[in-house]
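Worksheet for the structure shown next.
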Amino acid sequence: MSTEERGTQIERLIEALPEGSVLGWECHRSQDSLMVERSALLPVMETLKTRFGFRYLIDVTALDFHPATPRFRVVYHLWAHDGNRLLRLKTTPEGNPPAVPSVSSIWATANWHERECFDLFGIVFEGHPNLTRILLPLDWDGHPLRKDYPVEGP
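Residues in the sequence shown are numbered consecutively from 1, following the UniProt record's numbering.
Rendered as structure tokens:
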């Protein structure tokens with residue numbers, strides 16, 4: 001697919017999403033990424049799943065840009081089996097602790113992905129049915145993938 005065709009497809013997709021929900025679009029190494037307004041995350045995800053065929057949530061992760069502001073970004077990778085399409089979405093959590101809405105009501109697989117992201121980065125997924133640690137012991141102190149986490153541990 002040419003860059004022009006890809007751009008046309010992304011423009012159509014953006015036009016179908018709630019107005020003002022997409023803050024930016026970039027393509028790097030044939031990977032399309034949309035920056036999405038945190039408050040519009042759920043309607044955007046629902047539209048991508050139901051109208052555009054992104055029925056599989058591959059993963060959810062986070063990035064820590066400490067000491068920069070905003071510090072965190074949450075990243076979602078979506079897959080549409082028809083046409084073998086991959087789409088990356090990014091949003092910026094707000095608050096202390098940093099929080100975004102949970103997408104576990106849209107994709108069941110988000111349940112474990114969001115728990116892992118909470119466990120390792122401390123991102124809170126609002127509305128998650130069971131936001132508890134999944135990899136580390138329940139009494140673990142801190143979130144080890146944060147850049148300010150001590151190298152020697154707690």
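By construction, the Cβ of each residue, glycine as well, lies at the ideal position given by its N, Cα and C atoms.
Computed from a prediction, not measured in an experiment: that's the story for all the values here.
In this structure, the straight-line span from the alpha carbon of threonine 132 to that of proline 97 is close to 15 Å. Tryptophan 25: member of the beta strand (DSSP E) spanning 22-28, first to last residue. A residue is called buried when at least 16 other Cβ atoms come within 10 angstroms of its Cβ; leucine 135 does not meet this threshold and is exposed.
Scanning Ile106, Cys27, Thr8, His66 for the CA closest to the CA of threonine 50 turns up Ile106. Around proline 70, the same chain offers Thr92 as residues with beta carbons nearer than 6 Å, after the five sequence neighbours per side are excluded.
Using a Cβ-Cβ distance cut-off of 8 Å, the stretch 82-89 and the stretch 108-119 are not in contact, since fewer than three pairs of beta carbons, one from each stretch, lie closer than that value.
Inclusion of phenylalanine 125 and alanine 62 in the CB contact set at 8 Å is not warranted, their separation being larger than that value. Relative to the Cα of glycine 7, the nearest Cα in the group Cys27, Val60, Ser21 belongs to Cys27. Boundaries around alanine 62 are those of the beta strand (DSSP E), 56-64, since no alpha helix (DSSP H) includes it.
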